[in-house]
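See below for the structure under consideration.
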Amino acid sequence: MSTPHVRVRFAPSPTGYFHIGGLRTALYCFLLARSAGGSFILRIEDTDRGRFVADAEQDILDCLEWTGLCPNEGPVQGGPHAPYRQSERSHLYRSYADQLIAQGNAYYAFDTPGELTAIRTSEGPAAAYTGATMRTMRNALTLTQSEVDDLLDQNTPHVIRLRTPDSGDIQFRDEIRTNVVVPAQSIDDQILIKSDGMPTYHLANVVDDHLMEVTHVVRGEEWLPSTPKHILLYKALGWEPPTMAHLPLILSPAGGKLSKRHATKLGIPVLVREYREAGYEPEALINYLAMLGWNPGSDRELYTLQELAGCFSLDRVGSSAAQFSINKLDWFNTNHLRRFSKARIQTQLQPGLTELGVQVNEDYVKAAVNLVMDRIQRVSDILTEYLYLFRAPTVYDETGVRKRWKSDAPILVAAYAERIGKLTSFTDGAVEEVLRALAKEKGVGAGRIIHPVRLAVSGTFKGPSLFSLLVLLGHEECIRRMQRAISALPVPCD
Ligand code: GLU
Numbered sequence: 011m012s013t014p015h016v017r018v019r020f021a022p023s024p025t026g027y028f029h030i031g032g033l034r035t036a037l038y039c040f041l042l043a044r045s046a047g048g049s050f051i052l053r054i055e056d057t058d059r060g061r062f063v064a065d066a067e068q069d070i071l072d073c074l075e076w077t078g079l080c081p082n083e084g085p086v087q088g089g090p091h092a093p094y095r096q097s098e099r100s101h102l103y104r105s106y107a108d109q110l111i112a113q114g115n116a117y118y119a120f121d122t123p124g125e126l127t128a129i130r131t132s133e134g135p136a137a138a139y140t141g142a143t144m145r146t147m148r149n150a151l152t153l154t155q156s157e158v159d160d161l162l163d164q165n166t167p168h169v170i171r172l173r174t175p176d177s178g179d180i181q182f183r184d185e186i187r188t189n190v191v192v193p194a195q196s197i198d199d200q201i202l203i204k205s206d207g208m209p210t211y212h213l214a215n216v217v218d219d220h221l222m223e224v225t226h227v228v229r230g231e232e233w234l235p236s237t238p239k240h241i242l243l244y245k246a247l248g249w250e251p252p253t254m255a256h257l258p259l260i261l262s263p264a265g266g267k268l269s270k271r272h273a274t275k276l277g278i279p280v281l282v283r284e285y286r287e288a289g290y291e292p293e294a295l296i297n298y299l300a301m302l303g304w305n306p307g308s309d310r311e312l313y314t315l316q317e318l319a320g321c322f323s324l325d326r327v328g329s330s331a332a333q334f335s336i337n338k339l340d341w342f343n344t345n346h347l348r349r350f351s352k353a354r355i356q357t358q359l360q361p362g363l364t365e366l367g368v369q370v371n372e373d374y375v376k377a378a379v380n381l382v383m384d385r386i387q388r389v390s391d392i393l394t395e396y397l398y399l400f401r402a403p404t405v406y407d408e409t410g411v412r413k414r415w416k417s418d419a420p421i422l423v424a425a426y427a428e429r430i431g432k433l434t435s436f437t438d439g440a441v442e443e444v445l446r447a448l449a450k451e452k453g454v455g456a457g458r459i460i461h462p463v464r465l466a467v468s469g470t471f472k473g474p475s476l477f478s479l480l481v482l483l484g485h486e487e488c489i490r491r492m493q494r495a496i497s498a499l500p501v502p503c504d
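Add 10 to the 1-based position in the sequence shown for this note's numbering, that's all there is to it.
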């Protein structure tokens with residue numbers, strides 16, 4: 011028998027902007043599909059109109075594109091199982107619910123929300139939804155067939171519920187958790203068709219996974235409790251369930267699930283768009299999320315998306331929760347930046363420079379990028395930490411001033427400014443030579459000039475090679491900055 015073509019779907023609900031947990035699920039779906047030469051399918055699960063957020067789908071599409079997780083089939087690409095938005099497939103689900111009713115696997119229920127609340131109040135929140143309780147209420151299991159027919163004829167509001175077995179266990183294999191066994195009695199008679207005629211997530215999800223020939227369901231652990239219901243549906247409809255894999259939770263660095271509230275408190279973004287806006291590189295975010303639950307079986311950490319697709323497998327996804335660390339993500343970002351071309355960083359930097367009104371030519375930007383590219387964590391650092399490459403400093407780091415602007419600084423800096431003003435060739439070697447000669451002449455260590463000069467031209471006391479920085483700025487600008495520092499900074503008495 012030939013192995014079926016692997017088809018993995020990512021099935022987000024557009025109920026809010028795309029978060030990193032969702033991106034990790036999408037990534038693992040993508041990697042599983044690509045590693046097997048299969049298809050990555052995007053299906054938008056938008057049957058819950060009450061929680062629908064109008065621009066959430068676009069946000070999901072933008073984030074997937076930004077990170078390079080391009081679906082083979084989806085609402086934009088189309089495909090053999092179009093449409094890929096459940097709201098456009100609503101006509102498909104009803105017949106399966108009817109089939110389940112005819113087989114005795116589902117039933118009409120007429121209980122009102124008020125009656126359900128009353129039960130919940132008297133018997134505790136969990137009680138109301140178990141099968142045993144439901145069967146004491148107004149539904150096709152407690153009413154006669156003619157009573158049911160009458161209620162339906164009168165258009166009495168109703169839902170269709172799954173009939174769970176009264177006894178026994180529901181078992182299924184999960185690729186990450188191995189065997190899962192759940193007593194049937196603990197499962198509620200899930201609503202399959204709501205009173206507005208729309209299917210619930212459970213019915214639509216199972217029907218679509220079957221119709222779209224999905225071979226693998228990879229999703230977050232929070233969907234594990236729903237799986238026994240889905241297994242019952244597959245069984246009742248006579249379908250083979252896909253391979254299931256539930257990904258471990260992402261934990262906050264402070265412990266507990268990385269919820270939006272939790273993350274916000276710790277200053278950690280949760281939305282993918284926030285990472286993008288904060289200047290993280292998609293390659294780094296993807297690489298980091300790949301490692302947040304999966305391991306390659308070696309010490310290697312840096313991977314491109316393509317490399318990940320070449321070695322990903324579900325058996326290396328751990329079952330224990332993974333702790334999110336923004337520091338580790340920063341590490342990935344720094345290391346991915348090192349692999350980028352200067353041209354790419356330059357292109358990314360340009361909009362920020364334009365926004366700041368900085369007017370320099372391309373060669374200058376290129377040289378500036380070259381100077382600091384090995385020191386930055388994000389491209390945006392160039393516009394914050396290294397803004398002095400484009401603008402003269404207006405403030406001087408206090409610690410730097412205290413430590414480096416000694417009583418002889420104004421004299422030494424002025425002397426140095428004067429000498430470099432006379433240079434005909436303004437190169438790294440020449441500015442260094444002049445500085446060392448001046449130090450010797452004045453009987454001081456070179457550092458005694460290097461540090462205050464750096465402070466004067468950059469406003470800080472750390473940075474890239476001072477001589478290269480001076481050459482980049484050009485001698486006129488250097489002299490201007492040194493003179494300005496001399497007049498702006500008080501003369502210390504040491
Ligand atoms: N629509 C569900 C969600 O919003 C998908 C769960 C699944 O993958 O089955 O995450």
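Where a beta carbon is used, it is the ideal one built from N, C-alpha and C, also for glycine. Note that this is a predicted model, so its numbers are computed, not measured.
Tyr94 has its CB no nearer than 7 Å to any heavy atom of ligand 1.
Where Ser262 is concerned, there is no enclosing beta strand (DSSP E), because DSSP gives it neither an H nor an E. Among the bridge pairs identified by DSSP, Phe120 is matched with none.
Arg464 is classed as buried because its beta carbon has at least 16 other beta carbons within 10 Å across all chains shown. Distances from the CA of Asp176 to each of Leu234, Ala425, Arg145 were compared; the closest alpha carbon is that of Arg145.
For ligand 1, no non-hydrogen atom lies closer than 7 Å to the CB of Glu83. In this structure, Phe28 sits away from Val227, with a CB-CB distance that is not shorter than 8 Å. Contact between Gly469 and Val405 holds: their C-beta atoms lie close to 6 Å from each other, under 8 Å. Taking non-hydrogen atoms of ligand 1 into account, the C-beta of Arg61 is found less than 7 Å away from none of them. In this structure, the alpha-carbon of Tyr374 lies about 12 Å from that of Leu359. Per the DSSP secondary-structure output, Pro209 pairs in a beta bridge with Ile203. Cβ contact annotation for Ala294 (same chain, cutoff 6 Å, sequence separation greater than five): Phe342, Asn343, His346, in chain order. The region 354 to 418 contains no complete beta strand (DSSP E) run of 3 or more residues.
With a cutoff of 8 Å on beta-carbon distance, Pro81 and Ile54 are scored as not near each other. In this structure, the C-beta of Asn215 approaches ligand 1 to less than 7 Å from one of its heavy atoms.
Between Leu381 and Tyr290, the alpha-carbon positions lie close to 20 Å from each other. Ranked by Cα distance from Glu311, the options Leu339, Thr188, Glu443, His91 are led by Leu339.
Between the alpha carbons of Ile278 and Gly114 lies a distance of about 49 Å. The beta carbon of Trp415 sits closer than 7 Å to those of Pro462, Leu465, Leu499, Pro502, all from its chain and outside the five residues before and after it, given in chain order.
Cβ neighbours of Phe62 within its own chain (closer than 8 Å, five residues either side excluded): Pro24, Thr25, Asp56. Around the Cβ of Leu399, a 10 Å sphere holds 16 or more other Cβ atoms; the residue is buried. When beta bridges are read from the DSSP output, Gly31 appears opposite no residue. By the beta-carbon neighbour count (other beta carbons within 10 angstroms, threshold 16), Lys239 is buried. Under the three-state reduction of DSSP, Ala255 is assigned to strand. Residue burial is scored here from C-beta neighbours: Thr434 has fewer than 16 other C-beta atoms within 10 angstroms and is therefore classed as exposed.
Annotation for Ala36 indicates a beta carbon at 7 Å or more from all heavy atoms of ligand 1.
Proximity of the beta carbon of Trp249 to ligand 1 is not indicated: no heavy atom of the ligand is located closer than 7 Å. Residue pairing from DSSP places Ala332 in a beta bridge opposite Ile260. Within the region 126 to 196, the runs of alpha helix (DSSP H) at least 4 residues long that lie entirely inside it are, in chain order, 141 to 144, 155 to 163. With a threshold of 7 Å, the Cβ atom of Trp304 does not count as near ligand 1, since no heavy atom of the ligand is closer than that.
Residue burial is scored here from C-beta neighbours: Asn149 has at least 16 other C-beta atoms within 10 angstroms and is therefore classed as buried.
The shortest CA-to-CA distance from Ala107 to any of Ala43, Arg95, Ser156, Ala214 is the one to Ala214.
Secondary structure note for Gly230: it is in no alpha helix (DSSP H), and the uninterrupted beta strand (DSSP E) holding it is 226 to 230.
With contact defined as three or more Cβ pairs closer than 8 Å, the region 322 to 331 and the region 352 to 369 are not in contact.
Contact between Pro258 and Glu232 does not hold, since the beta-carbon distance rounds to 11 Å and is not under 8 Å.
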